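Remarks on the structure that follows.
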Amino acid sequence: GTWKTNMGFVTVYQGLYIKDWYTRQPTKTCRRNRVQWVCADSRSSGEWRQPFETRNGSNRLREIPVISKPEEHLSRALRVSSRARLDAVTKRGKSFNELLRLTSLKKLDTFRQELANRLETYLRQFPRKSKLHPYEDTLVDLTLESIGLNKYGGYNGVLEEILELKKKINIQGKYLSNGIRNAENKKGLEKAFEDAFTSLENIYRKNWGSVERLKLMAIALHRLQIADVDVPTIILAGAPNVGKSSLVRVYSSGIPEVCAYPFTTKTIIMGHFTDSGRTFQVSTTLSSPRLREEPRFGQPGGMLMDCFLVMCGIDD
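Counting from 1, one number per residue, gives the positions in the sequence shown under UniProt numbering.
Pasting the structure below:
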């Protein structure tokens, strides 16, 4: 929809808004230069501020890309390379054997680039761990340890595997192209071309697990709660079934997911509300009756919750 404010008409994109907890109406959200800008308070004079992820360096985990399945990546590379053709200028004045050689080189180079460039894109879009906020850094370590990726070197180790795979594909692809260039006849050219494709495909398949681990890591990090470490945070902690999740649902944007039985919160929820133009974060905690006895996420009970409480705390 569109709201008329003292800043002019503002278009609101679905899903890109926060709520005013007094009127229960969406506040004004728009896109400016492909950056989301959020009104600090729907009742204010229209003071606009840039979102916190670009102000203090936190929330870098939002930059993590969606990772394709390894089989989809390989299938796409094969499909794109099969459609590679020479342009008219390159074809001009070439013999049949020379055209066949150049076409084979073009297809092999396209296949190599489709495999390596996609991996390079993933590496660029994952934020450097050294640039993460200490809260996010700790949360990433605990999350990856809980899903067993710490034995592969954790966050940096998984990315190093992808970097090594990209280097192998580039080095081997350029080396195999020499066999196509040096082929003496059509039969030798076809054999060199087939061997080169098979070799590159085998390299990727042999390192299939690296891409799967990258996808697993991306999925796990996408599920993490986003918290503004500079915003006052209220943590509701207490005995099970006393209404912590209900308070979060009533007073903030958080919608806790509750188990059907024994009616306890399943995940940590982050909600927001505003008061006198100031934004606050509200979170509830996991409240299983046997939280301290049961392992959660493969770790001793409550470790992830304790980390969240210590890192966020309560800012008055």
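All C-beta atoms in this analysis are idealised placements derived from N, C-alpha and C, irrespective of residue type, glycine included.
These numbers were taken from a predicted model, which means no experiment stands behind them.
- For valine 140, the enclosing alpha helix (DSSP H) starts and ends at 134 to 146.
- With fewer than 16 other Cβ atoms from the protein chains shown falling within 10 Å of its own Cβ, phenylalanine 96 counts as exposed.
- Our two residues, isoleucine 203 and threonine 279, have alpha carbons roughly 51 Å apart in a direct line.
- In this chain, the alpha helix (DSSP H) harbouring arginine 112 covers 96 to 125.
- Bridge pairing for valine 282: Ile234, Gly271 [DSSP].
- Residue environment for arginine 83: exposed (fewer than 16 other C-beta atoms within 10 angstroms of its C-beta).
- With a cutoff of 7 Å on beta-carbon distance, valine 211 and valine 248 are scored as not near each other.
- Going by DSSP, glutamate 190 is part of the alpha helix (DSSP H) stretching over 186 to 206.
- Our two residues, glycine 271 and glycine 238, have alpha carbons roughly 18 Å apart in a direct line.
- Annotated three-state conformation of arginine 213 is helix, per DSSP.
- In this structure, the beta-carbon distance from arginine 112 to glycine 173 falls below 7 Å.
- In this chain, the alpha helix (DSSP H) harbouring valine 89 covers 88 to 91.
- Alanine 88 sits exposed, since fewer than 16 C-beta atoms from the chains shown fall within 10 Å of its C-beta.
- Counting every other CB atom within 10 Å of its CB across the protein chains shown gives arginine 205 a total below 16, marking it as exposed.
- The criterion of a C-beta distance shorter than 7 Å is not satisfied by proline 65 and tryptophan 208.
- If you ignore the 5 residues before and after leucine 165, its C-beta comes within less than 7 Å of the C-beta of Leu119, Asn207, Ser210, all in its own chain and listed in chain order.
- A distance of 7 Å or more separates the beta carbons of leucine 142 and asparagine 150.
- With respect to the C-alpha of arginine 76, the residue from Glu201, His222, Arg223, Ala218 having the closest C-alpha is Glu201.
- By the criterion of a C-beta distance shorter than 7 Å, valine 80 is surrounded in its chain by Thr110, Glu114, once the five residues flanking it on both sides are discounted.
- Residue range 154 to 181 is occupied by the alpha helix (DSSP H) that includes isoleucine 171.
- Put simply, the backbone Cα of isoleucine 171 is about 32 Å away from that of alanine 220.
- Counting other Cβ atoms within 10 Å of its Cβ, glutamate 72 stays below 16 and is therefore classed as exposed.
- Scanning Val242, Leu236, Leu132 for the CA closest to the CA of serine 252 turns up Leu236.
- From the listed residues Ile169, Ile67, Lys168, the smallest Cα separation to threonine 121 is found for Ile67.
- In the three-state reduction of the DSSP assignment, valine 250 falls in the helix class.
- Residue nearest to threonine 233 within the set Leu102, Thr284, Leu78 is Thr284 (criterion: CA-CA distance).
- Secondary structure of lysine 69 (DSSP, three-state): coil.
- Taking every protein chain shown into account, the CB of lysine 244 has 16 or more other CB atoms within 10 angstroms, so this residue is buried.
- Asparagine 178 has its alpha-carbon roughly 19 Å from the corresponding atom of alanine 116.
- Between leucine 189 and arginine 101, the CB-CB gap stays under 7 Å.
- Linking glycine 154 to leucine 224 through their CA atoms gives a straight-line distance of about 16 Å.
- The straight-line gap separating the alpha-carbon atoms of phenylalanine 193 and valine 140 is approximately 43 Å.
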